[in-house]
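Below: one structure, written as structure tokens.
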Amino acid sequence: MTQLFGFLWRRALAGALTVIGAVALLFLLIQFVPGDLASVLYGPRATPELRAVLTERMGLDRSIPEQLWLFLSRALRGDFGTDVISGRPILQMIGEVLPNTLFLAFAALGLSLLLGVPLGALAAVRPGSLADRVLGVFSVVLITTPSFVIAILLLLAFSLALDWLPVAGAGTAGDPMDQALHLILPTTALALGWVGYLARLVRAALLEVLAEQHVRTLRAYGVAEWRILLIYAMRPALIPVVAILGVALGDLIGSALFAEIIFARPGIGTLSYNAVASRNFAVVQAATVIIVLVYVTANIGVEIISGLLDPRFRRAVTRDSA
Numbered sequence: 258m259t260q261l262f263g264f265l266w267r268r269a270l271a272g273a274l275t276v277i278g279a280v281a282l283l284f285l286l287i288q289f290v291p292g293d294l295a296s297v298l299y300g301p302r303a304t305p306e307l308r309a310v311l312t313e314r315m316g317l318d319r320s321i322p323e324q325l326w327l328f329l330s331r332a333l334r335g336d337f338g339t340d341v342i343s344g345r346p347i348l349q350m351i352g353e354v355l356p357n358t359l360f361l362a363f364a365a366l367g368l369s370l371l372l373g374v375p376l377g378a379l380a381a382v383r384p385g386s387l388a389d390r391v392l393g394v395f396s397v398v399l400i401t402t403p404s405f406v407i408a409i410l411l412l413l414a415f416s417l418a419l420d421w422l423p424v425a426g427a428g429t430a431g432d433p434m435d436q437a438l439h440l441i442l443p444t445t446a447l448a449l450g451w452v453g454y455l456a457r458l459v460r461a462a463l464l465e466v467l468a469e470q471h472v473r474t475l476r477a478y479g480v481a482e483w484r485i486l487l488i489y490a491m492r493p494a495l496i497p498v499v500a501i502l503g504v505a506l507g508d509l510i511g512s513a514l515f516a517e518i519i520f521a522r523p524g525i526g527t528l529s530y531n532a533v534a535s536r537n538f539a540v541v542q543a544a545t546v547i548i549v550l551v552y553v554t555a556n557i558g559v560e561i562i563s564g565l566l567d568p569r570f571r572r573a574v575t576r577d578s579a
């Protein structure tokens, strides 16, 4: 138990440093972006007096290190300030749209697992067959095609040409069926790339497990092939898949930006995009902190699950903590 706490402490510290580094880098990059919020907010009325008031209100009259420290110290307390355009707390604005993005990302992750794992297993049990070759080409095509291109193609095909699914939006509040219909296209667009990647990963891992000695022994004892595959081979073959889920979730959250814009869905991606367009960088910084926190938390959770599945991982944690 002590070793586990030590492992979690090191991962939490590394995650905190990652968040601070990402925020600091974004903060420095923002300083080079042309334009200012006063011009967007006040337009032709952006007199020097109004600019001075807004600059003082947002703390822009301070040095860059002071601004960064002020933002980080407030963020640690969960205080991201108030949006100068809407007058609402920034954390509240993010809290309203973050569930939409997370639900979309988790739905895409679930769909990619639901399709990628069986396809990879099918290719592994029949290596070199026609199905294996077709799935190999199909996987490469999915991996190399950007998700926003897939999103546009799906939108043109199933919404505009065939009129089977809704074009845009997140559906009517309180109507689960309508919300599910609006979720199909963006979820599919995000998931297909990872379907190809997971299929190749499962195929390679499963082929390696099926070639091990204990599998040959089970076959010699006459154990049914389906029992070998599902009970003895699939669990160790899924360890690399579990290990990559944190990266997959982070990538899907990042890709959700394009899906939310293309399908006009409310989410943290759309909120960040609108904030960048209006030079409202306080919202951009807060959204970045939240996204990085979700990414770091997901990776720590994945590492813990990997430890539960792989005894070698538990021994490595114990050895590192000794």
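Residue numbers (the numbering used here): 258 to 579.
Note that the Cβ used here is the ideal one computed from N, Cα and C, for glycine as well.
Bounding residues of the alpha helix (DSSP H) (the contiguous stretch that carries Leu412): In this chain, Leu412 is not harboured by any alpha helix (DSSP H), its DSSP state being neither H nor E.
Buried versus exposed, by CB contacts within 10 Å (16 or more), Asp577: Only weak support exists for where Asp577 lies, its pLDDT of 49 falling under 50; the value from the coordinates is given anyway. It is exposed - the Cβ of Asp577 has fewer than 16 other Cβ atoms within 10 Å.
Inter-stretch contact at 8 Å, needing at least 3 Cβ pairs: the region 371-378 / the region 406-417: When C-beta atoms of the region 371-378 are compared with those of the region 406-417, fewer than three pairs fall below 8 Å, so the two segments do not count as touching.
Distance, Phe520 Cα to Val452 Cα: Val452 and Phe520 have their C-alpha atoms some 21 Å from each other.
Sub-8 Å separation of Ala534 and Ala456 beta-carbons: Contact flag unset, no.
Where Thr444 falls: helix, strand or coil (DSSP): It is helical.
Local conformation of Pro375 per DSSP, three classes: Per DSSP, reduced to three states, the secondary structure at Pro375 is helical.
Whole alpha helix (DSSP H) elements within the region 345-395, 4-residue minimum: Listed in chain order, they are 347-382.
DSSP three-state assignment for Thr223, whether helix, strand or coil: No information on residue 223 is available, as it lies outside the stretch 258 to 579 that the chain covers here.
Exposure of Glu517, with buried meaning 16 or more beta-carbon neighbours within 10 Å: Classification for Glu517: buried.
Cβ-Cβ distance between Ile501 and Leu458 below 8 Å: Leu458 is positioned such that its CB atom lies closer than 8 Å to that of Ile501.
Cut-off 7 Å between Cβ atoms - residues of its own chain near Val276, not counting five sequence neighbours on either side: The residues are Val546, Val549, Leu550, Val553.
Cα-Cα separation, Thr444 to Ala543: If you take the alpha carbons of Thr444 and Ala543, they lie about 25 Å apart.
Local conformation of Thr429 per DSSP, three classes: Correct three-state label for Thr429: coil.
At least 3 beta-carbon pairs within less than 8 Å: the region 415-425 vs the region 325-339: No, the region 415-425 is not in contact with the region 325-339.
Contacts around Leu449, its chain only, beta-carbon distance under 7 Å, and the 5 residues preceding and following it disregarded: Around Leu449: Leu399, Ile407.
Among Ala490, Ser529, Asn556, nearest to Gly352 - alpha-carbon criterion: Minimum Cα-Cα distance from Gly352 among the listed residues Ala490, Ser529, Asn556 corresponds to Ser529.
Simplified DSSP assignment, three categories, for Thr402: Looking at Thr402 - three-state DSSP - the assignment turns out to be coil, as it is neither helix nor strand.
For Ile562 and Asn357, the rounded distance between their alpha carbons: Here the C-alpha atom of Asn357 lies approximately 25 Å from the C-alpha atom of Ile562.
Cβ neighbour criterion (16 or more within 10 Å) applied to Ser512: Counting Cβ neighbours within 10 Å, Ser512 comes out buried, since at least 16 surround it.
Beta-bridge pairing of Thr339 - partner residues as DSSP gives them: Pro346, per the DSSP bridge assignment.
Under the three-state DSSP convention, the category Glu517 falls into: In the structure shown, Glu517 sits in a helix (DSSP, three-state: H, G or I).
Selected residue, minimal CA-CA separation from Thr401, among Leu447, Gln324, Gly428, Met434: For Thr401, the nearest C-alpha among the options comes from Leu447.
Whole-angstrom distance between Asn556 and Arg267, CA atom to CA atom: Here the C-alpha atom of Arg267 lies approximately 13 Å from the C-alpha atom of Asn556.
CB of Gly582 within 8 Å of CB of Leu463, strictly: Within the shown structure, residues of the chain are numbered from 258 to 579, placing residue 582 beyond reach of any answer.
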